Amino acid sequence: MNVLSTNLQDVKIIEMAVYGDHRGFFTESYTKEKFADAGITIDFIQDNHSLSVEPGVLRGMHFQRTPKAQTKIVRAVTGVIYDVLVDMRIGSPTYGKWEGYILSEHNHRQLLVPKGFAHGFVTLTPNCNVQYKVDEYFSKEHDGGIAFDDPEIGIQWPMPLNKLVLSEKDKQHPTLSEFDNPFIWEGK
Ligand SMILES: Cc1cn([C@H]2C[C@H](O)[C@@H](COP(=O)(O)OP(=O)(O)O[C@H]3O[C@@H](C)C(=O)[C@@H](O)[C@H]3O)O2)c(=O)[nH]c1=O
4 MNVLSTNLQD VKIIEMAVYG DHRGFFTESY TKEKFADAGI TIDFIQDNHS LSVEPGVLRG
64 MHFQRTPKAQ TKIVRAVTGV IYDVLVDMRI GSPTYGKWEG YILSEHNHRQ LLVPKGFAHG
124 FVTLTPNCNV QYKVDEYFSK EHDGGIAFDD PEIGIQWPMP LNKLVLSEKD KQHPTLSEFD
184 NPFIWEGK
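Structure representation (structure tokens):
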């Protein structure tokens, strides 16, 4: 198991061993013990799964507000996605910064998304099945989002914005500076 640092404070890429053979492959996508040995001791209590059928589906930029904030571990089981995070934690060295990561059925990478990050992705292929673990139950009252096209953040999406397929909810999020932001970086 490899845990790779990223340019965003506290965000990690996780690579599990993948055993390929003539049938396909086998991988342990999650094991509490190995994750704990690598310093990831999070009590995941819910697994989520979304299917996006066409390229250009954008879901984001989402989070749950405190006290129901969620840590997530995200992976693409089928297809290829460009997954994007924005650090919303006031006081973090990377506050307001974004970074994008390819997660795919080919690279088997998983992304560890700490609390206080806005999370979203755009699909680059048809039929992207995305699964993620979370450590807090869904709470509609705490569901939050910021605009995927917030000009101050300046996310470079790998597709023309007028080609993106969005939910009605995701067309209406405030910008980060308009949002009454509760997230504080707790440091190391
Ligand atoms: C996230 C979630 C949604 N729902 C319901 C609410 C709604 O009726 C329906 C679809 O929800 P959404 O449109 O918010 O689904 P979606 O746009 O896929 O939302 C997800 O986007 C990615 C980027 C994330 O990071 C996730 O945490 C989550 O916010 O599913 C649950 O019942 N439980 C959940 O945990």
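If you use my numbering, the sequence shown corresponds to residues 4 to 191, in order. Here a beta-carbon is modelled for each residue, glycine too, at the ideal position from N, C-alpha and C. Note that the structure is predicted; figures quoted are calculated from it, not measured.
query, result
"6 Å CB neighbourhood of V80 in its chain, flanking five on each side removed", "N132 and Q134"
"Host alpha helix (DSSP H) of D40 (start-end)", "K35 to D40"
"Spatial distance of V137 from Q49 (CA atoms)", "5 Å"
"Anticipated Cβ contact below 8 Å, S107 with G82, distance rounded", "7 Å"
"Burial state of Q67 (16 or more Cβ within 10 Å)", "buried"
"Simplified DSSP state of E18, which is helix, strand or coil", "strand"
"Residues bridged to W101 [DSSP beta-bridge criterion]", "V89"
"Length at least 3, wholly inside the region 41-78: the beta strand (DSSP E) runs in chain order", "49-55 and 61-67"
"N184 in three-state terms, based on DSSP", "coil"
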